[in-house]
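Residue numbers (the numbering used here), protein chains in the order written: chain Z, 1064 to 1227; chain U, 53 to 745.
Next up, the structure:
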């Protein structure tokens, strides 16, 4: 690979890692912290990536591990909604529904949030997710099913239906 | 939640300008030392390691030795100035702690660490200058309490105090589980085990962690490695000790704080086999706070599918907390656990009244459905095969009476879950054709489970269902379309599409030719015409079930106007305007939507001759949905011939089903070519975005 630098990786995958962290944790600010840790680690300890996909998978895995630690750490506090300040920072609008979805993301256990993000948003195949997470394809499928079920249960509690 | 709501929210999440510049600045300067950022990326760059080499026989007995401290119950003294204890017990003599502290200058302090898995104590520092800090630290602690009993653990750190002049020796050992023991040591290096020569306290696991870390600070790598070692004997001792004391019950929880209804209950069928299995893995010691409470079993020990193992609160002796050395062994660990799990067979007869009561919601909240196929996240083809159907019930009261008249017994949640065969969702009641039934209890998120007492009654369930349950009109039409997708061999046809939809980019009119190999799920459609105001040519292919791609070329420039690979429910990708199979599948899904309930459409049909039927579908799918008015024409076999709604129309012309002269285009190369182009475009887009930074 031509460029293994952390700066290159950040420019290329900064948003992806941030989204991954947000999709697991449900908090923008904590997701930023995790993103920072991931890339600063890479900066301090450069890795020898075989290709871009390898780099991306490493970054995602690193973010996932940090999210796991975050979720089980005492740092967990109630997250505030996606507020106006953040809207201005990111130049976009957050709807009430965005906040509801964010709350669901926050409540979803890490392992389900991870596979749902990788599968649903990043469009990795089950096999690829298995490689990234070091899990068998059957396990990933099962996590997807359970994650969906859990998400559905949460939404149904509030009168929503998961419409496809 | 609509599928794209998740995507929409995540798309809004991106690095802010401020964060981006901060990171770019940091990543452009020299890296800082990353002590706090020790990474743990595994499974990506680390080759999998297996640890099957060290198989040992299970030792005959479990004997745990902890440093110089033996077992037993004692009544201990307490320090007079009570710096670290809460209770007051008057006594006639100074505590060991106080004695040593008051004369600390005359003692030399040495530090030892001990790990059961390496058997002997290791001296890490002689005549340590940490002595003053140790007493200062111990004095500062709050919440330490004196104890009479203290449980075992597999690691300890020991501070040994020796007064060369008087020959007095004392030890302070603190175990991994937080128990600390002060004791006098006699001339033969044995602990003097009678009060007041020994006293014990509960300090807390964090105190052990701090002192252990302090003791290892500066220790050589061999010592550090030795302290992290977990031998097979240790795991054998840990696991067998806990399992022997526990009953046979196993509870599986998907996460901490799970409701009763979210937990599964089993019994353990072979404790020795589980002990033997767990000994085969390589474990490392971890802090208790590192245990991740996801998908874990409690059965005297707590063990998770992510490879964590620890003692449970109810049985903390011996203490231990471990993690699999290689995450890749998790699957084997899960297999090992599952191989010794059995259903909790405690069962009793259920009364007729009990079954009737359990089924009450069938009358109160009529809503009946079932599904087949895969219901997963609607991406990558996972959802394509899902078949969701809704039903009406003619006489719910009689239905319940007939179901309740069968003989039922209670069963475990897990046995119910593992039972296969079709499941009917009848309001809140789930009825499996294999003879299982679940229904909610009055408690939130809690369910009761039943199974047929006699397996011979299994066939009666299907008979009762057939007697009372019929598919709704919408689902019947959906089913006809589904069957019509591949109940023939091939189709060759011309097609015409016109679209004046205001939401599209403009008026579109395309016509071309369709080839469809139904049995192999291959489709090729070419065509030309106007699309979003441009004169274009179009190719659409399906290269296997739900693997599609299309390419639109602007005729005036010869450039590609639009080009994607996609599947039926790719929320981020615009679909081909002319995909015959997806049009049919899309209408089926509109008529039998997953989870959303039976649509409230009105369906009117009329025979239009030639074996064809015209269906007019009108109304709303449900509250909050747009009103639709769609007319479709199907053949007798359920093949879609035309579809028309809101300014959009699609129709086949000159169609021939099952032609013996049919020749299918080779769609593989076309699909691969579009895929390659798309990847190239994405790469170029990424590069252009990077250049903008």
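Glycine included, each C-beta is placed from N, C-alpha and C at the ideal position.
Can you check which of these residues, U/232, U/696, U/712, is closest to residue 201 of chain U by C-alpha distance? Reading the second chain from its first residue, position 149 is the one you call residue 201 of chain U. Of the candidates U/232, U/696, U/712, the one whose C-alpha sits nearest the C-alpha of residue 201 of chain U is U/232.
Considering just the uninterrupted stretch of the alpha helix (DSSP H) at residue 1101 of chain Z, what are its terminal residues? Taking the first residue of the first chain as position 1, residue 1101 of chain Z is located at position 38. Run containing residue 1101 of chain Z: 1091-1107, per the alpha helix (DSSP H) assignment.
By the 9 Å beta-carbon criterion, what residues does the segment 334-351 of chain U contribute toward chain Z? Within the segment 334-351 of chain U, those residues whose Cβ lies closer than 9 Å to any Cβ of chain Z are, in chain order, 341, 342, 343, 344, 345, 346, 347.
Contacts that residue 1148 of chain Z makes with chain U (C-beta to C-beta distance below 7 Å): Taking the first residue of the first chain as 1, we reach residue 1148 of chain Z at position 85. By Cβ distance, chain U contributes nothing, its closest Cβ being about 10 Å from residue 1148 of chain Z, past 7 Å.
Which residues, taken in chain order from the segment 1076-1098 of chain Z, show a beta carbon closer than 8 Å to some beta carbon of chain U? Residues 1077, 1078, 1081, 1082, 1085, 1086, 1091, 1094, 1095, 1098.
Which term fits residue 1131 of chain Z, buried or exposed, when burial requires 16 or more other beta carbons within 10 angstroms of its beta carbon? Looking up residue 1131 of chain Z in the first chain gives position 68. So residue 1131 of chain Z counts as buried.
By Cβ distance below 7 Å, which residues in the same chain neighbour residue 175 of chain U in space, the five residues on each side in sequence not counted? For this step, residue 175 of chain U is matched to residue 123 along the second chain. Closer than 7 Å at Cβ, skipping near neighbours: 162, 164.
Can you check whether the CB of residue 644 of chain U is closer than 8 Å to the CB of residue 536 of chain U? Taking the first residue of the second chain as 1, we reach residue 536 of chain U at position 484. Taking the first residue of the second chain as 1, we reach residue 644 of chain U at position 592. Between residue 536 of chain U and residue 644 of chain U, the C-beta spacing is not below 8 Å.
Taking beta-carbon pairs under 9 Å, can you tell me which members of the segment 58-71 of chain U lie near chain Z? For the segment 58-71 of chain U, which is checked against every Cβ of chain Z, the residues closer than 9 Å are 58, 59, 60, 61, 62, 63, 64, 65, 66, 67, 68, 69, 70, 71.
Can a CB atom of chain U be found closer than 8 Å to the CB of residue 1181 of chain Z? Locating residue 1181 of chain Z in the first chain gives position 118, where the first residue counts as 1. Not one chain U Cβ lies under 8 Å of residue 1181 of chain Z.
Identify whether residue 392 of chain U lies in helix, strand or coil by the three-state DSSP scheme. Position 340 of the second chain holds residue 392 of chain U. For residue 392 of chain U, the secondary structure class from DSSP, reduced to helix, strand or coil, is coil.
Could you compute how far the alpha carbon of residue 609 of chain U sits from the alpha carbon of residue 615 of chain U? For this step, residue 609 of chain U is matched to residue 557 along the second chain. For this step, residue 615 of chain U is matched to residue 563 along the second chain. Approximately 15 Å between the Cα atoms of the pair.
Taking residue 1119 of chain Z as the reference, give the member of Z/1108, Z/1202, Z/1187 with the closest Cα. Translated into positions along the first chain, residue 1119 of chain Z becomes position 56. Ranking the options by Cα distance to residue 1119 of chain Z, first place goes to Z/1187.
Does residue 1176 of chain Z get closer than 8 Å to chain U when you measure Cβ to Cβ? On the first chain, residue 1176 of chain Z is found 113 positions in, with the first residue counted as 1. Residue-level contact by beta carbon fails for residue 1176 of chain Z and chain U, as no gap is shorter than 8 Å.
Report yes if the CB atom of residue 473 of chain U is closer than 8 Å to the CB atom of residue 486 of chain U, and no otherwise. Residue numbering aside, residue 473 of chain U sits at position 421 when the second chain is read from its first letter. Residue numbering aside, residue 486 of chain U sits at position 434 when the second chain is read from its first letter. Remark: C-beta atoms of residue 473 of chain U and residue 486 of chain U approach each other more closely than 8 Å.
Nearest by alpha-carbon distance to residue 262 of chain U: which of U/227, U/237, U/235 is it? For the purposes of this step, residue 262 of chain U is taken as the residue at position 210 of the second chain. It is U/227.
With DSSP as the reference, please indicate the residues paired to residue 577 of chain U in a beta bridge. Residue mapping note: residue 577 of chain U aligns to position 525 of the second chain, counting from 1. Residue 577 of chain U pairs with U/566, U/592.
For the segment 296-312 of chain U, enumerate the residues whose C-beta is nearer than 8 Å to any C-beta of chain Z, in chain order. Correct list: 306, 307.
Taking residue 80 of chain U as the query, report the chain Z residues whose CB atoms sit under 9 Å from its CB, ordered along the chain. Sequence index remark: in the second chain, residue 80 of chain U carries index 28 (1-based). Per Cβ cutoff of 9 Å: 1070.
Thinking C-alpha only, which one of U/67, U/388, U/307 is nearest residue 333 of chain U? Walking along the second chain from the start, residue 333 of chain U turns up at place 281. The shortest Cα separation from residue 333 of chain U among U/67, U/388, U/307 belongs to U/388.
Boundaries (first-last residue) of the alpha helix (DSSP H) holding residue 440 of chain U: To locate residue 440 of chain U, count along the second chain from 1; it is residue 388. For residue 440 of chain U, there is no enclosing alpha helix (DSSP H); the residue is part of the beta strand (DSSP E) that begins and ends at 439-445.
Closest by CA to residue 588 of chain U, which one among U/365, U/576, U/570, U/612? Numbered from its first residue, the second chain carries residue 588 of chain U at position 536. Nearest of U/365, U/576, U/570, U/612 to residue 588 of chain U, Cα basis: U/612.
Would you please state the rounded distance, in angstroms, between the beta carbons of residue 393 of chain U and residue 321 of chain U? I believe it to be under 8 Å. The residue labelled residue 393 of chain U in the question sits at position 341 within the second chain. The residue labelled residue 321 of chain U in the question sits at position 269 within the second chain. With a Cβ gap of about 7 Å, residue 393 of chain U and residue 321 of chain U count as contacting.
Between residue 590 of chain U and chain Z, is there a C-beta pair that is closer than 8 Å? Counting from 1 along the second chain, the entry for residue 590 of chain U is found at position 538. Residue contact with chain Z for residue 590 of chain U: absent (no Cβ-Cβ distance below 8 Å to any residue of chain Z).
If you draw a straight line from the alpha carbon of residue 280 of chain U to that of residue 640 of chain U, how long is it in whole angstroms? Within the second chain, residue 280 of chain U is the residue found at index 228, counting from 1. Within the second chain, residue 640 of chain U is the residue found at index 588, counting from 1. Their backbone Cα atoms lie some 59 Å apart in a straight line.
How many whole angstroms separate the CB atoms of residue 686 of chain U and residue 532 of chain U, which I take to be in contact at a CB cut-off of 8 Å? For this step, residue 686 of chain U is matched to residue 634 along the second chain. For this step, residue 532 of chain U is matched to residue 480 along the second chain. In this structure residue 686 of chain U is in contact with residue 532 of chain U, their Cβ atoms being roughly 6 Å apart against a cut-off of 8 Å.
Determine which residues of the segment 379-413 of chain U have a Cβ less than 9 Å from any Cβ of chain Z, and write them out in chain order. Here the close residues are 379, 380, 382, 383, 386.
Measuring only between beta-carbons, confirm whether residue 1164 of chain Z sits less than 8 Å from chain U. For this step, residue 1164 of chain Z is matched to residue 101 along the first chain. It does: the Cβ of residue 1164 of chain Z has a partner Cβ on chain U nearer than 8 Å.
So what does DSSP say about residue 216 of chain U, is it helix, strand or coil? The sequence position of residue 216 of chain U within the second chain is 164, counting from 1. Reduced to three states, the DSSP call for residue 216 of chain U is coil.
At which residue ranges does the segment 592-636 of chain U contain complete beta strand (DSSP E) runs of 3 or more residues, listed in the order of the chain? The qualifying runs are 600-606, 612-618.
By Cβ distance below 6 Å, which residues in the same chain neighbour residue 350 of chain U in space, the five residues on each side in sequence not counted? To locate residue 350 of chain U, count along the second chain from 1; it is residue 298. The residues 303, 364, in chain order, have a CB closer than 6 Å to that of residue 350 of chain U in the same chain once the five nearest residues on each side in sequence are set aside.
8 Å Cβ cut-off: residues of chain U touching residue 1155 of chain Z: Position 92 of the first chain, counted from the first residue, corresponds to residue 1155 of chain Z. Under the 8 Å cutoff, chain U gives 64.
Enclosing alpha helix (DSSP H) for residue 549 of chain U [first to last residue]: Position 497 of the second chain, counted from the first residue, corresponds to residue 549 of chain U. Looking at the DSSP string, residue 549 of chain U is not in any alpha helix (DSSP H); the run it does join, the beta strand (DSSP E), is 542-551.
At 3 residues or longer, what runs of the beta strand (DSSP E) sit wholly inside the segment 665-713 of chain U? Annotation note: the segment 665-713 of chain U contains the following uninterrupted beta strand (DSSP E) runs of length 3 or greater, listed N- to C-terminal: 679-686, 692-697, 700-709.
Is it true that the segment 714-721 of chain U meets the segment 539-548 of chain U, where meeting means three or more beta-carbon pairs spaced less than 8 Å apart? Enough Cβ pairs lie closer than 8 Å, so yes.
Give the DSSP-derived three-state secondary structure of residue 72 of chain U in the structure shown. Against the second chain, residue 72 of chain U aligns to sequence position 20. The answer is helix: DSSP assigns residue 72 of chain U an H, G or I state.
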